[in-house]
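Before any comments, here is the structure.
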Amino acid sequence: MYILGINAYHGDSSACLLKDGHLVAAAEEERFRRIKHWAGLPTRAIQYCLGEAGISAQELDWIAVNRDPRAHLQRKLLFVLARRPSLALLRQRLSNMGDISTLRRLLARELHVKERALRARVVNVEHHLAHAASAFFTSPFEQAAVASVDGFGDFVSTMAALGSGSRLRVLWKVYYPHSLGLFYTAITQFLGFKKYGDEYKVMGLAAYGRPRFLQELRQVLLARDGRGFSLNLRYFVHHVQGVSMSWSGAEPTMSDVYSLHLEALLGPARRPGEPLLERHQDIAASAQALYEEFFFRMLWKLYRQSPTANLCLAGGCALNSVANGKVFERTPFRELYIQPAAGDAGGALGAAFYVWHQVLGRPRSFTMRTAYWGPSFHRSQYEQDIRARGRQLERLGCTVREVQDEELLLKQTARHIAHGKVVGWFQGRMEWGPRALGNRSILADPRRAEMKDVLNARVKRRENFRPFAPSVLLEQTHKYFELSYPDPFMLKVYPIRPHRRAEIPAVAHVDGSGRLQTVSREENPLYWRLIKEFEAITGVALVLNTSFNENEPIVCQPSEALECFLRTRMDVLVLGPFVLQRGG
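Using our numbering, the letters of the sequence shown correspond one by one to residues 1 to 584.
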């Protein structure tokens, strides 16, 4: 039985495919379209998934969508009657709902098949149910508490549930217009980070500041019995004039969600491109601190209703790795699982598994232990793409060598890293989710303090306050971090042991923390062996790992890796068995 899961007409559009309850393939549409957070119908991701399974669209049994326009209709109607939002907002929402409700016809048209030839049944899964399913049904837990937290989806911002076996039971929800995610988005926009998905910048900036605006922000995000929090709507506009959003066929955009009252409270908003001042750092630190306060309060409430100390997190807020890294310190939960595409892309995964387990009642037999569910390529493709760029490579003085001996390839690559070279590393299947996890990565020496500036100047061209992440051998994690709980998906920030910070300054953030990826021999043997070779040379069991891109989606195909290598000042590119080195 084949189940296609999709996140459509929303940011981070994506697709995945299950065969008899096991994941075959999963990918975000942005990787194929080369537009960050691409929103629309993920036709190229769908085609990839079908191709990976070797089937046609006509062979699908179910199509699961992580949106349900019919969810909470009564609440939506009451909101319209009470708040009287603008006609423009209503038209926008109705148009988006129309796209979802006519999905079968749109899919047939885009996949070039007749609608009647699509025998699959289309199932709409409520947004946060899909999030919750993506976390629990792919986790190793037989029983767990589940929390889904983001901006909004299907009129809900937060859902708490209990997972047991192949069932999810919803405990409570927080409804529109109140949202922890929207609070964080408002502060993100206020600080001048206007692009969709920029919230992670505030998380990085927060480490530089002091939470001296907490009292002011407590007027924005209020404690409430029952749901635990509410927004002071005086400081927001989304519930009255609406938020202009674009979800179809491009990078999503979102107009400001905060009102002018927030500037009266905090001072002038920062405009994009303006210098970052101490005040901005302190606002970021205050927002992160207040978010964590309410987030952990919510988790405590969930724990009290739960018969287990296992926790699964999902939704865009589950990408707040700073908060995730404090779950064991600030709550009684003792086991934690977050699947790698915790944000909206992961809704495709959750919708598919929800159908398999909750709709069809099938038992669980799959655990997501790796993130490598995207395309891979053969040696012939590497060779063809290198040959096509032969003249460009010659002009730059690049040498190209094929190293067929894998041990030699790893030793040479580790030596390049240890000698201070910036290395593009392109191997195996592409990662699922927003993190590069050792298959589409740029690697560097974590011992060199100057490496942050080198990477930002020569390759990444991004804000200098953003940290770089370490990939560490799983069995050596305890030597470098104060917590050693495994995290193969780079979704938790842990304190680096104080005596180790000077040894690995390139991956130590200003507050002494690191957003680590634990690498095991079982999950990614090639990457594990590369780090092992680097340890043999340097005595350090981790490397600096950042995503293989330059202000674009992470590279998917060999041709994109080559283009990124050519237009930046990367020193070495390891493309499968081929080693390209600039300048000799």
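All C-beta atoms in this analysis are idealised placements derived from N, C-alpha and C, irrespective of residue type, glycine included.
| said: Strictly by DSSP, which residues pair up with R253? | reply: Here residue 253 refers to the residue found at position 253 when the sequence shown is read from its first residue. Just to set this straight, residue 253 is Thr in the shown sequence, not Arg. According to DSSP, which records beta bridges pairwise, T253 is partnered with S246.
| Identify the residues that DSSP records as bridge partners of M159: which are they? | Locating residue 159 in the sequence shown gives position 159, counting from the first residue. According to DSSP, M159 bridges with S148, K173.
| field | For S230, the first and last residue of its enclosing beta strand (DSSP E) | value | Translated into positions along the sequence shown, residue 230 becomes position 230. S230 -> beta strand (DSSP E) spans 228-231.
| Where the beta strand (DSSP E) containing P470 begins and where it ends | Counting from one through the sequence shown, the residue named residue 470 turns up at place 470. Note, P470: beta strand (DSSP E), 469-473.
| query | Who are the near neighbours of V507 in its chain, counting only those whose CB is closer than 6 Å to its CB and skipping five residues on each side? | reply | Working through the sequence shown from its first residue, we reach residue 507 at position 507. These residues qualify, in order along the chain: P446, F468, P470, G514, L544.
| query | Hey, does A135 have any beta-carbon neighbour from chain C nearer than 8 Å? | reply | Looking at the structure shown, chain C is missing, and only one protein chain is on hand.
| message | Please return the same chain residues whose Cβ sits closer than 7 Å to the Cβ of Y494, not counting the five positions on each side in sequence. | response | Within the sequence shown, the letter at position 494 stands for residue 494. Answer for Y494: G325, F481, E482, L483, S513, G514, L516, listed in chain order.
| task | With a 10 Å radius around its C-beta and 16 neighbouring C-beta atoms as the bar for buried, classify N551 as buried or exposed. | result | Taking the first residue of the sequence shown as 1, we reach residue 551 at position 551. Exposed is the call here.
| Cα-Cα separation between H499 and E475, rounded to whole angstroms | The residue you call residue 499 lines up with position 499 of the sequence shown. The residue you call residue 475 lines up with position 475 of the sequence shown. Rounded to the nearest angstrom, the two C-alpha atoms are 19 Å apart.
| Going by alpha carbons, who is nearest to S321 out of E292, L302, Q305? | Residue mapping note: residue 321 aligns to position 321 of the sequence shown, counting from 1. It is E292 whose Cα lies nearest to the Cα of S321.
| task | Would you identify the three-state DSSP class for T538, choosing helix, strand or coil? | result | Taking the sequence shown and counting its residues from 1, the one referred to as residue 538 is at position 538. Residue state, collapsed to three classes: helix.
| message | Let me make sure I understand the geometry here. Which of M1, K76, I35, V80 has the alpha-carbon closest to that of I63? | response | Position 63 of the sequence shown, counting from 1, holds the residue named residue 63. Checking every option, the nearest Cα to that of I63 belongs to M1.
| task | Check the C-beta distance from Q384 over to V579 and give it rounded, since I have them as a contact under 8 Å. | result | The residue given as residue 384 occupies position 384 in the sequence shown. The residue given as residue 579 occupies position 579 in the sequence shown. Contact doesn't hold; Cβ gap of about 17 Å is too wide.
| said: Residues in the same chain with beta-carbon distance under 8 Å from R279, minus the five sequence neighbours each way, listed in chain order, please. | reply: By one-based count along the sequence shown, residue 279 stands at place 279. Here the set comprises G267.
| Hey, F333 and G21: beta-carbon distance below 8 Å or not? | In the sequence shown, counting from the first residue as 1, residue 333 sits at position 333. In the sequence shown, counting from the first residue as 1, residue 21 sits at position 21. Not closer than 8 Å, so no.
| Out of curiosity, what's the CA-to-CA distance linking S559 and W425? | Mapped onto the sequence shown, residue 559 falls at position 559. Mapped onto the sequence shown, residue 425 falls at position 425. Going by the C-alpha atoms only, they are around 13 Å apart.
| query | Going along the chain, which residues of its own chain have a beta-carbon closer than 7 Å to the beta-carbon of Y208, five neighbours each way excluded? | reply | Indexing the sequence shown from 1 puts residue 208 at position 208. If we look at Y208 and ignore the five residues flanking it on each side, its Cβ neighbours are Q281, F465, V510.
| field | Contained beta strand (DSSP E) runs [length at least 3] in the stretch 362-417, N- to C-terminal order | value | 399-402
| request: Name the two residues that bound the continuous beta strand (DSSP E) containing P495. | output: Counting from 1 along the sequence shown, the entry for residue 495 is found at position 495. Here the beta strand (DSSP E) through P495 covers 492-495.
| query | How many whole angstroms separate the CB atoms of V174 and A161, which I take to be in contact at a CB cut-off of 8 Å? | reply | Here residue 174 corresponds to residue number 174 of the sequence shown, with the count starting at 1. Here residue 161 corresponds to residue number 161 of the sequence shown, with the count starting at 1. Not confirmed; about 13 Å, so no contact.
| said: Am I right that L129 and Y354 are in contact with their C-beta atoms under 8 Å? What's the rounded C-beta distance? | reply: Here the question's residue 129 lines up with position 129 in the sequence shown. Here the question's residue 354 lines up with position 354 in the sequence shown. Contact flag correct, Cβ pair sits at about 6 Å.
| query | At what residues does the alpha helix (DSSP H) containing W300 begin and finish? | reply | For this step, residue 300 is matched to residue 300 along the sequence shown. Note, W300: alpha helix (DSSP H), 278-304.
| task | Return the residue from the list S166, E463, C556 that minimises the CA-CA distance to A45. | result | Your numbering for residue 45 matches position 45 in the sequence shown. When each option's Cα is compared against that of A45, the closest is C556.
| query | Run through DSSP, which three-state label would Y588 get? | reply | Outside the modelled stretch of the chain, which goes from 1 to 584, sits residue 588, for which no answer is possible.
| task | Evaluate the contact criterion for the stretch 363-378 versus the stretch 519-528: three or more CB pairs, one atom per stretch, below 8 Å. | result | yes
| task | Over the uninterrupted beta strand (DSSP E) stretch that includes L23, give me the two end residues. | result | Start at 1 with the first residue of the sequence shown, and residue 23 comes out as number 23. 22-28 is the extent of the beta strand (DSSP E) around L23.
| task | Could you tell me the boundaries of the alpha helix (DSSP H) in which L129 lies? | result | Stepping through the sequence shown from its first residue, residue 129 is reached at position 129. First-last of the alpha helix (DSSP H) with L129: 127-136.
| said: Here's a check: name, in chain order, each residue in its chain whose Cβ is nearer than 6 Å to the Cβ of E335, leaving out the five neighbours to either side. | reply: For the purposes of this step, residue 335 is identified with residue 335 of the sequence shown, where counting begins at 1. The answer, listed in chain order, is N310.
| query | Helix, strand or coil for G346 per DSSP? | reply | Counting from one through the sequence shown, the residue named residue 346 turns up at place 346. Three-state DSSP puts G346 in a helix.
| query | Distance, Cα to Cα, Q215 vs L262? | reply | Counting from 1 along the sequence shown, the entry for residue 215 is found at position 215. Counting from 1 along the sequence shown, the entry for residue 262 is found at position 262. Rounded to whole angstroms, Q215 to L262 spans 13 Å at the Cα level.
| field | Cβ separation of L396 and F294, assumed to be a contact under 8 Å, to the nearest whole Å | value | The residue given as residue 396 occupies position 396 in the sequence shown. The residue given as residue 294 occupies position 294 in the sequence shown. Wrong, their Cβ atoms sit about 51 Å apart, outside the cutoff.
| message | Judging by CA-CA distance, which residue of V24, A264, R415, T188 is the nearest neighbour of L4? | response | As a position in the sequence shown, residue 4 is number 4, starting the count at 1. Among V24, A264, R415, T188, the Cα nearest to that of L4 is on V24.
| Going by beta carbon distance, what residues of the same chain come within less than 7 Å of K76, once the five residues before and after it are set aside? | Taking the first residue of the sequence shown as position 1, residue 76 is located at position 76. These residues qualify, in order along the chain: F155.
| task | Note down, in chain order, each residue of its chain lying with its Cβ closer than 6 Å to the Cβ of C312, except the 5 sequence neighbours on either side. | result | In the sequence shown, counting from the first residue as 1, residue 312 sits at position 312. Result list for C312: A135, F136, S139, A144, V146, Y337, in chain order.
| query | What does E115 pair with, by DSSP beta-bridge criteria? | reply | Here residue 115 corresponds to residue number 115 of the sequence shown, with the count starting at 1. According to DSSP, E115 bridges with nothing at all.
| Who are the Cβ neighbours of I531 in its own chain at under 7 Å, not counting the five residues just before and after it? | For the purposes of this step, residue 531 is taken as the residue at position 531 of the sequence shown. For I531, where only same-chain residues beyond five positions count, the Cβ hits under 7 Å are S471, L473, V519, A541, L542, V543.
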